[in-house]
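Here's the structure, in structure tokens; my notes come after.
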Amino acid sequence: MPVFTINTNIPADKIPADFCQKTSKLVASALGKPESYVCVCVKAGLPMTFGGSSEPCASCEIRSIGAVGRDYNRSHASKLYPHLSQTLGLAGNRVYIEFIDVSASTMAFNGSTFA
């Protein structure tokens, strides 16, 4: 059930049409989860600053039941940062990604929680 949310000041019309699909595949592969459970949400055109500058930036979250944490996050970051740079032109020093391990009992899908 990974959910990857990207909050960015990049205008919506600058987000490639296939960005969510490509990102979904990457998240599924990186986390070892079925893509059928991956959700990618881009909130574009937000008023944002990073380091006092309004140059392109992003604040992201990955929520997942497992597959995130101390033993995983460096590997995930090494895959996600190049993707964000290549597809959106975001410099790595203008992006935060927070990895959040959620309990199966706090996430629901199709009318029921995962636990």
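Residue 44 in numbering that gives the first Met the number 0 sits at position 45 of the sequence shown, with consecutive numbering throughout. Note that the Cβ used here is the ideal one computed from N, Cα and C, for glycine as well.
The continuous alpha helix (DSSP H) containing residue 76 extends over residues 72-87. Spanning the alpha carbons of residue 102 and residue 60 requires a straight line of approximately 16 Å. Beta-carbon to beta-carbon, residue 58 and residue 6 are separated by about 5 Å, close enough to satisfy the 8 Å threshold.
When the Cα atoms are used, residue 108 and residue 53 turn out to be separated by approximately 36 Å. The Cβ atoms of residue 11 and residue 43 sit closer than 7 Å to each other.
Residue 17 carries a coil assignment under DSSP once its states are collapsed to helix, strand and coil. Between the alpha carbons of residue 70 and residue 1 lies a distance of about 17 Å. For residue 36, DSSP records no beta bridge to any residue. The criterion of a C-beta distance shorter than 7 Å is satisfied by residue 39 and residue 3. Per DSSP, reduced to three states, the secondary structure at residue 93 is helical. When the Cα atoms are used, residue 24 and residue 50 turn out to be separated by approximately 31 Å.
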